[in-house]
Amino acid sequence: MKVSVDTGGTFTDIFFLEEGVLKYYKVPSNPKNPALSIIESSKSLSFETLVHGTTVATNAFLERKGGKFLLLTTKGFEDVIFIGRQVRPKLYDFFVEKPPHFLTEEEVLGVSERIGPKGEIIKPLTEEEIKRVLKEIEKRGLLNIALSFLHSYINPFHEKLFEIALRESFPKVEISVSSDILPEFREYERTSTTAINAYLLPVLKKYLDTLEKSFPEKEIFIQQSNGGFITLDEAKRYAVHTILSGPAGGAYGGLIFAKSFGFERVITFDMGGTSTDVCLLDGALPFTKEYQIDGFPIGISVINIYTVGAGGGSIAHVDVGGALKVGPISAGADPGPACYGKSLLPTVTDANLLLGRLLPDKFYGGKIRLDKERSFRAISELAGKIGLSPLETALGIVKVANTHMSKAISKVSVEKGFDPKEFILLCFGGAGGLHACSLARELGILKILVPKFAGAFSAFGLYFANYLKDFSKSIFVDLKDIEKLSFYLDQLRKMAQEYYQKRERSLEEFEMEYLVDLRYKGQGYEITIPYTEDLKEVFERDHERLYGYFLKNYPIEVVTLRLRVRKDTPFEEFRLEEKTSFFSTFEGEVFTEEGFKKVKVISWEALREGEILKGPALLIEDFTTFYLEEDFVLKVLKNKTLLVERWRN
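Under full-length UniProt numbering, the first residue of the sequence shown carries the number 1, and numbering increases by one thereafter.
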């Protein structure tokens, strides 16, 4: 049996199929030791394979809790990692602050060597220089090294030479080599990606070692940021690839789930306890190589997911100007929202509880009772600061959170030239269902798709994810030079063959897809397209779609070749586990801008395929609640999936 586990900031979700029956549940996450939640929740399960999406790497970087390391780079280029691109994202902000660096100048060592842009050796790396640097490393006692030498993407000889010397001198050393992590041009991005990998390695490795010891003889795979998973050993080497591990599962799950209902154009809306992740899917996963985490670039291929700090646990507060703000700080699982009984922090969850959208005795399948009185106290204190009633303040908190999420959806759609009206909103995450109708109305989205297992949907995506490994090499070849292009394609294939031979596997086990990064000669940006016979036509078409023009008879340059190695996981048909409703339908009350309104409160379990229901209503499932607003109507599809539409304007 296979089990998938998605660890979020607030809850850990477990998902599996047992004889074709879909089963899932949640346990609170353990922020201090995330592995404990998985270990405790999986003890009773008999499984052979575990696919895991984790936020360990993300949190370690955002909180600057990575491991100490030394960055070795070409002498004279020690400041590349600190200078960056000199890009100012907030041009008119007088008080802009740079995010704190994860490296100090004392942790960078210059190595006397130099390779030119064509791969020629300008200054050899001598034995004396290697010995000098090794002595300095020994003196510092740091056995975590990042290697990023100039132009090593075209000629990795010096990096490989130094790597061998390091391993011979320090057998227990952890090494991140730029020509292995990201063998592509652009010095700053390559160095940043390699350095971040080294920074995250000790933390992720310790975490994965704990998992490995806890599940001996189990096959463990880790989700990557590109939507596929890698083996445990690969994850221990390529920590930077797990930086968007959890959200990637939701995006991939969104793709296959929506397609199973015939929808190709989808905006995924994943609202959890800590943040909201949105992604636009136009028939395929959108990839980017320009992702930044907290201001630092990561040059690897990741799913283009946009994240905002608005989740169920996001804390509401008043800023110095007296304005109501929500997030980005979250109450997480501990202490959690005020209604959890451990704090008086007013959160989005407390606001929804006060408004009647969440019911205190129906949370978590009725196993946890929320403290509505505590939510009232927390929000009342906030209300006093802005001169509103507690209910008006709760409504304000929800509106501010919705604004954050609406902007995020516009970011991946409107700002990219897409009209949200042409897409369906796929809503998941434990908190998403409470906000989906409001967002659809605001953005003009006509349809919403909601899976019954929305609260554990990212774990669903992990379960059906494919094995995926990316290889790349920058080459700079004219598109017309077919002979050179064929040579480098063969070299890339050999690189992948050697990689798997070292792991006693064959490349023939996998599906392979070649891609190319193309640009007009002299441009500073590229377009990635699949490798086909009509590369020129496809490039010109995509260039015109993205930038409004293309250039006839202008030289096109192949900048980087890519090879995507994949082993597909077959999609299994499933049916829901039969459960009895833990309550009967009754009438409740929610507070809106027009005052209190009556709503039907219905157990999701009681819904039947083909049933049609008009709002307002609350649909309650063990791990999520869907608020069907009064101008919406839903139809129950297969596996109690909801298709929600506006029924009046």
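Ideal placement from N, C-alpha and C gives every residue a C-beta, glycine not left out.
Taken atom to atom, the span from the alpha-carbon of alanine 251 to that of glycine 455 is near 14 Å. Of the residues assessed, glutamine 491 falls on the exposed side of the cut-off, its CB having fewer than 16 other CB atoms within 10 angstroms. The shortest C-alpha to C-alpha distance from valine 5 to any of Gly53, Leu142, Pro31, Glu442 is the one to Gly53.
Phenylalanine 296 and serine 112 have their C-alpha atoms some 26 Å from each other. Within the same chain, and ignoring the five residues on either side of alanine 459 in sequence, the residues whose Cβ sits closer than 6 Å to its Cβ are Ser4, Asp6, Asp13, Phe15. For lysine 131, the enclosing alpha helix (DSSP H) begins and ends at 127-140. In this structure, glutamate 174 keeps its C-beta atom at 8 Å or more from the C-beta atom of asparagine 155. As summarised for the region 240-282, the continuous alpha helix (DSSP H) elements at least 4 residues long and confined to that stretch are 245-260, given in chain order. Inclusion of glutamate 526 and aspartate 534 in the CB contact set at 8 Å is not warranted, their separation being larger than that value.
The three-state reading of DSSP puts glutamate 120 in coil, since its state is none of H, G, I, E or B.
In terms of CA proximity to leucine 208, Ala35 leads the group Pro124, Ala35, Leu354, Ile164. In the structure shown, isoleucine 83 adopts helical secondary structure according to DSSP, grouped into three states. Following the DSSP letters along the chain, one finds isoleucine 315 inside the beta strand (DSSP E) bounded by residues 314-318. Separation of the CB atoms of glutamate 187 and leucine 150 is rounded to 7 Å, and the pair is thereby assigned contact status at 8 Å. In the three-state reduction of the DSSP assignment, histidine 52 falls in the strand class. Under the three-state reduction of DSSP, glycine 429 is assigned to coil, being neither helix nor strand. Remark: C-beta atoms of lysine 469 and valine 477 do not approach each other more closely than 8 Å. Two segments are said to touch when three or more pairs of C-beta atoms, one from each, lie closer than 8 Å; by this definition the region 636-648 touches the region 443-454. The residue among Leu561, Ile293, Lys325, Ile386 with its C-alpha nearest the C-alpha of lysine 98 is Ile293. Rounded to the nearest whole angstrom, the C-alpha separation of phenylalanine 185 and glycine 299 is 10 Å. Contact check between the region 393-411 and the region 312-331: three or more CB pairs, one atom from each, fall below 8 Å, which counts as touching. Within a 10 Å sphere around the beta-carbon of leucine 551 sit fewer than 16 other beta-carbons, which makes this residue exposed.
Between the alpha carbons of arginine 357 and lysine 26 lies a distance of about 21 Å. In the displayed model, aspartate 93 falls within coil according to three-state DSSP, outside both helix and strand. The region 200-215 and the region 272-283 do not touch, with fewer than three beta-carbon pairs separated by less than 8 Å.
Taking the Cα positions, glutamate 422 is about 21 Å away from threonine 276.
For phenylalanine 229, same chain residues with a beta-carbon under 8 Å away, outside a window of 5 residues either side, are Val51, Phe221, Ile222, Gln223, Leu462, Ala465, Asn466, Tyr467, Leu468 in chain order. Going by C-alpha positions, threonine 10 is about 24 Å away from proline 202.
Cβ atoms of leucine 515 and threonine 532 stay farther apart than 8 Å, at about 10 Å. Under the DSSP assignment, asparagine 402 falls in the alpha helix (DSSP H) whose first and last residues are 390-412. Under the three-state reduction of DSSP output, glutamate 526 falls in the coil class, being neither helix nor strand.
A direct Cα-Cα distance of roughly 20 Å separates serine 44 from tyrosine 364. DSSP places leucine 507 in the helix class (H, G or I) of the three-state scheme.
When DSSP states are grouped into helix, strand and coil, alanine 310 belongs to the coil group.
Annotated three-state conformation of aspartate 534 is coil, per DSSP. About 5 Å separates the CB atoms of glycine 246 and threonine 55; that is less than 8 Å, so the two are in contact.
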